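Worksheet: one structure, shown below.
Residue numbers (this note's numbering): 229 to 506.
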């Protein structure tokens, strides 16, 4: 994933020949992972997949949340990951784990209300945090693009208490209307999840992007900016969003990664730079 064309100018200093990272030497993906890790409190349970969500959970477990319990859709519960797994069924997701169980047991655990967080993603997200990972186009039988969803995305987004999303920020993804609703967010507004039979108090929590950290207004359930990444403006975020965003005041600046976080992320979590890049 390459966010170079959207890298906030705060990270860059002009050289006579090219742009180079200044002393704040971290990549947008590293900032996103660290921001996601900071949302996971010690003692929580989180269903993670692969990629950036897994990196964020591993980083949290190695820093501020040592008692964070990681769960994987294929059945791994509570592993101490020695390396980044390449799939949710990778044998590493069971390493020194509390349980090696089944996909149905993971989903039933979510259904019982025992899982605090899940990470999800998609090709499209709307103002109420609904996600599309199924198709692009207006004809389900003949889509322009067939996507890999849903997998467990509908179950997890319906039954876990808080949904976290890590995604690049652009108008193709942040749309007024989804081509298909794979994962219910707040559907069409306040009370809609509950009317659909989903657990009261559950729903989208944070959307961590290449430009900002977004949350949801407690009354309208619409997406709003909670913090801007260093050097990014509200206008820049709005320009890359296909619907009107609110702002939570006072608007904050996303905390930059610490040297400890970067060391752990680069040397222990993703030493091969599969996710954070080289």
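Cβ coordinates follow ideal geometry from the N, Cα and C atoms, glycine included. Keep in mind that this is a model prediction, so the values were computed, not measured.
- The C-beta of residue 486 has fewer than 16 other C-beta atoms within 10 Å across all chains shown, which makes the residue exposed.
- With three or more CB-CB distances shorter than 8 Å, the region 279–289 counts as touching the region 254–268.
- When the Cα atoms are used, residue 453 and residue 442 turn out to be separated by approximately 4 Å.
- The shortest C-alpha to C-alpha distance from residue 302 to any of 488, 266, 313 and 428 is the one to 313.
- Taking all protein chains shown into account, residue 351 has 16 or more neighbouring C-beta atoms within 10 Å of its C-beta and is therefore buried.
- Under the three-state reduction of DSSP output, residue 319 falls in the helix class.
- By the 16-neighbour rule on beta-carbons within 10 angstroms, residue 285 is buried.
- In the structure shown, residue 312 falls within a coil segment according to DSSP collapsed to helix, strand and coil.
- Secondary structure within the region 317–362: the alpha helix (DSSP H) runs of 4 or more consecutive residues, fully enclosed, are 331–339 (chain order).
- Rounded to the nearest whole angstrom, the C-alpha separation of residue 397 and residue 368 is 25 Å.
- Residue pairing from DSSP places residue 434 in a beta bridge opposite 392.
- In the three-state reduction of the DSSP assignment, residue 403 falls in the coil class, being assigned neither a helical nor a strand state.
- The continuous beta strand (DSSP E) containing residue 474 extends over residues 474–481.
- According to DSSP, residue 276 shares a beta bridge with 300.
- Residues 418 of the same chain have their beta carbon placed closer than 8 Å to that of residue 447, with the five preceding and five following residues left out of the count.
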